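This note's numbering applies: residue 981 is where the sequence shown begins, and numbers increase by one.
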Amino acid sequence: MRTILVVGGGYAGFYTAWKLEKKLRRDEARVVVVDPRPYMTYQPFLPEVLAGSVEARHAAVSLRRHLRRTTLVPGSVTAVDHAHRSVTVQPPDGPRFALAYDVIVLTAGAVTRKLAVPGVADEAIGMKHVEEAVAIRDRLLTAFDRAAALPAGPLRRRLLTATFVGGGFSGVEGFGELLSLAQSLVRRYPELDPAELDFHLVEARDRILPEVTDKPGAWVVRSLERRGGRVHLNAQMVSAKGGHVVLSTGEEFDSDLIVWTVGNAANPGVRNHTDLPVDERGLIVVRADLRIGTDAEPVPDAWAAGDDAAVPDLAAATPGATTVPNAQHAVRQGKLLARNIIAELRGGRVRPYEHHSLGTIATLGLGRGIFQYKRIVIKGFPAWLMHRGYHVLAVPSWERKVRVLAVWLTAALFGRDIVSLVSVQHPRQAFVTGGQTAEKSPEAVTTGPAALS
Ligand SMILES: Cc1cc2nc3c(=O)[nH]c(=O)nc-3n(C[C@H](O)[C@H](O)[C@H](O)COP(=O)(O)OP(=O)(O)OC[C@H]3O[C@@H](n4cnc5c(N)ncnc54)[C@H](O)[C@@H]3O)c2cc1C
């Protein structure tokens, strides 16, 4: 029996394995998924996890629960030796080991792009994983509690300042949701004045949200600014040392929270350690049928999809264009990839991937959103409702849909939970100190990721 090895159980990998499980006959092939995480992250929910509108666990789709006929291997693939049909796996514990396969599917996604800005590595946090969204939320909630106990002054101002770097999809959604959370939170703190909130979105280009056209993009800027957010266009963060933000425009301010959302970089595990072809961006070279290689030189038994692959975009007007890295493509590519593998196993015909965009939809905070499909633009509350409707239908499995919907309905009745559980990071503290809290000098108040953990 052949072994189909899927590297990465995120969007594309999860859907590939799920479809293979459903369509393969029991004696036809064995499916193995390797991923360091036991779940697929439903990334479009992360901005709402950050705002407390979606429960963190509900954005994590358990692989074991849904992939019942697949063998799950916890670990990271650190090298792919396709010539010998073998990968090296680093498990959570113990030494690396080799795993043999007959067919490989590379769906390891991308990583957050880093730039060499002083201080960012120490101070900033990304927004690609559940733990990051939870930490951002806890950080803001804790900052409010700390600020409420302080007199007006620089430390209090810093605690109430948040900065997002990168005005793409995830940056704008995260910024809008966090702003919305902060504004509803401040009403519960009579010690704080809403005017003290200082939220910055920094974007190097002259516009945000490149997925929508100029006019709706400008409307999003105005809408965020009307709500008190400060959008810095044509501005780059040049330093974040010690949480002191310096912009290329000359503006400077202290920020307790710095969220880094400048986009994707190629997954280094895939890019640097494989004999499979990668392009100049570090993405796997893929044909339109999702087989790795070029039309002239297809690589046998090797497939890829999602954010780690340069998939030709047959629906684009520009020749040579590749599909943009988003979930809309990753899901559909994953499903087609499974169908193509089965077609090949059975001597059938493989099909090329072609998908015409369904449009762009983004949340900008509770009750606010933007949708664009070609020249149709919907703004505000209706777009937000469409965003929720679309994603509750898109999250895999009925069990997830019901859980997410239940949280939305209870929040509509009672509001969101506003308690920071940052203390779960130190579960033994109360036991060890016997309930004693050490006195902190103002200088000892930590900033940066140390305070996030
Ligand atoms: C905050 C945010 C909001 C978004 N919102 C939207 C949206 O509204 N609409 C939309 O279309 N798209 C959205 N996206 C983009 C979308 O989520 C991604 O394009 C999609 O997840 C890509 O799927 P993928 O399978 O390629 O990668 P991923 O879903 O990232 O999965 C990659 C998997 O590979 C695993 N992995 C990584 N390295 C290794 C390794 N070496 N070995 C084994 N496993 C490995 C990872 O643990 C992960 O499980 C959003 C992204 C973010 C960050």
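Note that CB positions come from ideal geometry on N, CA and C, so glycine has one too. Here the structure is a predicted model, which means the values were calculated and not measured.
Taking the Cα positions, Gly-1222 is about 19 Å away from Ala-1115. Under the 10 Å beta carbon count, Ile-1356 is surrounded by fewer than 16 other beta carbons and is classified as exposed. Taking 8 Å as the upper bound for CB-CB distance, Leu-1213 and Glu-1183 are in contact here, some 6 Å apart.
Per DSSP, the beta-bridge partners of Gly-1273 are Pro-1278.
Assigned with DSSP and collapsed to three states, His-1309 falls in helix.
Beyond the five residues adjoining it in sequence on each side, Arg-1048 comes within less than 6 Å, by CB distance, of no other residue in the same chain. The C-alpha of Val-1011 lies about 6 Å from the C-alpha of Thr-983.
Here Ala-1245 has Ala-1090, Val-1091, Thr-1092, Arg-1093, Lys-1094 and Gly-1262 as same chain residues with Cβ atoms under 8 Å from its own Cβ, once five neighbours each way along the sequence are excluded. Met-1217 carries a strand assignment under DSSP once its states are collapsed to helix, strand and coil. Relative to the non-hydrogen atoms of ligand 1, the Cβ of Arg-1017 comes within a distance shorter than 7 Å of at least one.
Nearest to Gly-1133 by C-alpha distance, out of Leu-1172, Tyr-1022, Tyr-1081 and Pro-1257, is Leu-1172. If you draw a straight line from the Cα of Ala-1307 to the Cα of Ala-1128, it is about 40 Å long. DSSP lists Ile-1356 as the beta-bridge partner residues of Tyr-1353. For the pair of segments examined, the stretch 1002-1019 was found to touch the stretch 1304-1323: the number of CB pairs separated by less than 8 Å reaches three. Ala-1142 has Phe-1179 and Leu-1237 as its beta-bridge partners, per DSSP. Under DSSP, Asp-1061 shares a beta bridge with Ser-1066. Cβ atoms of Gly-1197 and Leu-1189 come within 8 Å of each other, at about 5 Å.
An exposed status is given to Thr-1390, since fewer than 16 other beta-carbon atoms sit within 10 Å of its beta-carbon. Excluding sequence positions up to five before and after Arg-1187, its CB lies within less than 6 Å of the CB of Gly-1197, all in the same chain and listed in chain order. The C-beta separation of Val-986 from Ala-997 comes to about 5 Å, placing the pair in contact by the 8 Å criterion. Separation of Ala-1096 and Ile-1358 (C-alpha to C-alpha, rounded to the nearest whole angstrom) is 38 Å.
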